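To keep things clear, I will list the structure first and then write my remarks on it.
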Amino acid sequence: MDIGDELIYRMRTFSPSERVRVVGIDTRKKTLRYDVEFLDGEKHGVIENIPGGRLRGPWRTVREYDERMAHWERFTKQELERHEEDAVEHVFILLIPKDAATLLWKHTVWTTRILDDEALGGLLGVSVAEVLENVDWYSDGDDKVVSPEGTMRIAEYACHMNPMPVLDAVVEDEKRQREYSTRSRPGDTLDNRPMPYSAEWEYAYYLKEGRPVHELLRAWCGQEAVTLQKRLAVAEAEVHRLDGLLVRALDDLKTHDHSLAADRIERAHIEERITPENAPRTPCPKDDIERNCHGYSQHPRLGPE
-7 MDIGDELIYR
3 MRTFSPSERV
13 RVVGIDTRKK
23 TLRYDVEFLD
33 GEKHGVIENI
43 PGGRLRGPWR
53 TVREYDERMA
63 HWERFTKQEL
73 ERHEEDAVEH
83 VFILLIPKDA
93 ATLLWKHTVW
103 TTRILDDEAL
113 GGLLGVSVAE
123 VLENVDWYSD
133 GDDKVVSPEG
143 TMRIAEYACH
153 MNPMPVLDAV
163 VEDEKRQREY
173 STRSRPGDTL
183 DNRPMPYSAE
193 WEYAYYLKEG
203 RPVHELLRAW
213 CGQEAVTLQK
223 RLAVAEAEVH
233 RLDGLLVRAL
243 DDLKTHDHSL
253 AADRIERAHI
263 EERITPENAP
273 RTPCPKDDIE
283 RNCHGYSQHP
293 RLGPE
């Protein structure tokens, strides 16, 4: 910024824009300050010494700047509840590549910058245009900046389209929280002094902060995905139990001079194991194609048909 430049001045982030001209540059302090003359309205001709942060850009861009800031002012009125913010952040970390969309913290709210409509639409199972229906957003060059409400909608669609990574992460976090809630763990104060966290404190913290996030993520993933995950966990546990029984049975056969039979059974158990690569394919009825053979609509707002 140079002397003579006409710039946008705002007292605060969402104050009205005012036209000023730089008439002096104050270099006496570590951070630059500027002497500006107000050019319009009641303050016409007034000169003030101001910090550079109040100067928002060239005056010739004031129309675009005001339109953009009007969007942000509306965005700040859609601030998410803290558990919603935590859930959204989890989803973006787990499911949304940064070359498709990025999560942004600005003006005290979470928003999304969409960088690649096609890539993001593929992840969500619907077009970006459909996701953005009835939510606030604006174009910034080739990108789209989406409001907090739209950001949460993106997270919901992503969870419904690809629930298992999210549900697996929830289960792992719950295991960790159960461990913390049964015994104290080391911690530090803000000034780096040792301070263990008691099991009682950990459990109370989980009930207040952790569990609401887990419940929200499960709701976004959908009941059918949650049920499927539980069934998979049960099946895995049962396979582990049966493997243990088989090992003990084979050991008993070998100790009773039936090693050949034990070897044949063990070899068949390994070679004939059913895997995703050799499992019989289950036909997908024509009417279920839109449900992606999982029994639920890909549209998170519609639910089961």
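Counting in my numbering, the sequence shown runs from -7 upward without gaps. Beta carbons are placed, not taken as given, at the ideal position from N, Cα and C, and that holds for glycine. Model, not experiment: these values are computed from the prediction.
Local conformation of residue i per DSSP, three classes
{"i": "residue 8", "result": "coil"}
{"i": "residue 93", "result": "strand"}
{"i": "residue -6", "result": "coil"}
{"i": "residue 100", "result": "coil"}
{"i": "residue 47", "result": "strand"}
{"i": "residue 262", "result": "helix"}
{"i": "residue 71", "result": "coil"}
{"i": "residue 16", "result": "strand"}
{"i": "residue 173", "result": "helix"}
{"i": "residue 105", "result": "strand"}
{"i": "residue 127", "result": "coil"}
{"i": "residue 311", "result": "Here the chain comprises residues numbered -7 to 297, so residue 311 is not present and cannot be evaluated."}
{"i": "residue 235", "result": "helix"}
{"i": "residue 185", "result": "coil"}
{"i": "residue 160", "result": "helix"}
{"i": "residue 27", "result": "strand"}
{"i": "residue 63", "result": "helix"}
{"i": "residue 276", "result": "In this prediction, residue 276 has a pLDDT of 47, which is less than 50 and means its spatial position is unreliable; nothing more can be read from the coordinates."}
Expected contact under 8 Å - CB spacing of residue i and residue j to nearest Å
{"i": "residue 153", "j": "residue 115", "result": "7 Å"}
{"i": "residue 194", "j": "residue 173", "result": "5 Å"}
{"i": "residue 60", "j": "residue 130", "result": "7 Å"}
{"i": "residue 158", "j": "residue 75", "result": "That belief does not hold up - the Cβ atoms of residue 158 and residue 75 are roughly 15 Å apart, past 8 Å."}
{"i": "residue -4", "j": "residue 13", "result": "7 Å"}
{"i": "residue 266", "j": "residue 242", "result": "Going by Cβ atoms, the distance from residue 266 to residue 242 rounds to 19 Å, so no, they are not a contact pair."}
{"i": "residue 245", "j": "residue 79", "result": "Residue 245 to residue 79, Cβ: 52 Å. No contact."}
{"i": "residue 191", "j": "residue 175", "result": "6 Å"}
Status (buried if at least 16 other CB within 10 Å, exposed otherwise) for residue i
{"i": "residue 82", "result": "buried"}
{"i": "residue 253", "result": "exposed"}
{"i": "residue 142", "result": "buried"}
{"i": "residue 144", "result": "buried"}
{"i": "residue 103", "result": "buried"}
{"i": "residue 150", "result": "buried"}
{"i": "residue 262", "result": "exposed"}
{"i": "residue 279", "result": "In this prediction, residue 279 scores a pLDDT of 45, lower than 50, which makes its location untrustworthy; the coordinate-derived value is nonetheless stated afterwards. Residue 279 should be labelled exposed."}
{"i": "residue 234", "result": "exposed"}
{"i": "residue 77", "result": "buried"}
{"i": "residue 210", "result": "buried"}
{"i": "residue 0", "result": "buried"}
{"i": "residue 214", "result": "buried"}
{"i": "residue 85", "result": "exposed"}
{"i": "residue 212", "result": "buried"}
Endpoints, beta strand (DSSP E) assigned at residue i
{"i": "residue 1", "result": "-2 to 1"}
{"i": "residue 109", "result": "First-last for residue 109: 109 to 116, but that is the alpha helix (DSSP H), not the beta strand (DSSP E)."}
Extent of the continuous alpha helix (DSSP H) to which residue i belongs
{"i": "residue 76", "result": "74 to 87"}
{"i": "residue 42", "result": "It is not in any alpha helix (DSSP H) - residue 42 instead sits in the beta strand (DSSP E) that spans 39 to 43."}
{"i": "residue 207", "result": "203 to 213"}
{"i": "residue 120", "result": "120 to 123"}
{"i": "residue 34", "result": "Here residue 34 belongs to no alpha helix (DSSP H), and DSSP marks it neither H nor E."}
{"i": "residue 197", "result": "191 to 197"}
Taking 8 Å as the cut-off, does the region 33 to 53 touch the region 6 to 13 (at least 3 CB pairs, one atom from each stretch)? Contact between the region 6 to 13 and the region 33 to 53 is present, because at least three Cβ pairs lie under 8 Å.
Just checking, does the region 52 to 68 make contact with the region 200 to 209 on the three C-beta pairs under 8 Å criterion? Result no; under three Cβ-Cβ pairs closer than 8 Å.
Any contact between the region 158 to 177 and the region 130 to 138? By contact I mean 3 or more CB pairs, one from each, below 8 Å. No: the two stretches stay apart, fewer than three of their Cβ pairs being nearer than 8 Å.
Taking contact to mean 3 or more Cβ pairs, one atom from each stretch, closer than 8 Å, check whether the region 86 to 102 and the region 112 to 127 are in contact. Contact between the region 86 to 102 and the region 112 to 127 is present, because at least three Cβ pairs lie under 8 Å.
Would you check if the region 35 to 42 and the region 19 to 26 touch, i.e. whether three or more CB-CB distances between them fall below 8 Å? The region 19 to 26 is in contact with the region 35 to 42.
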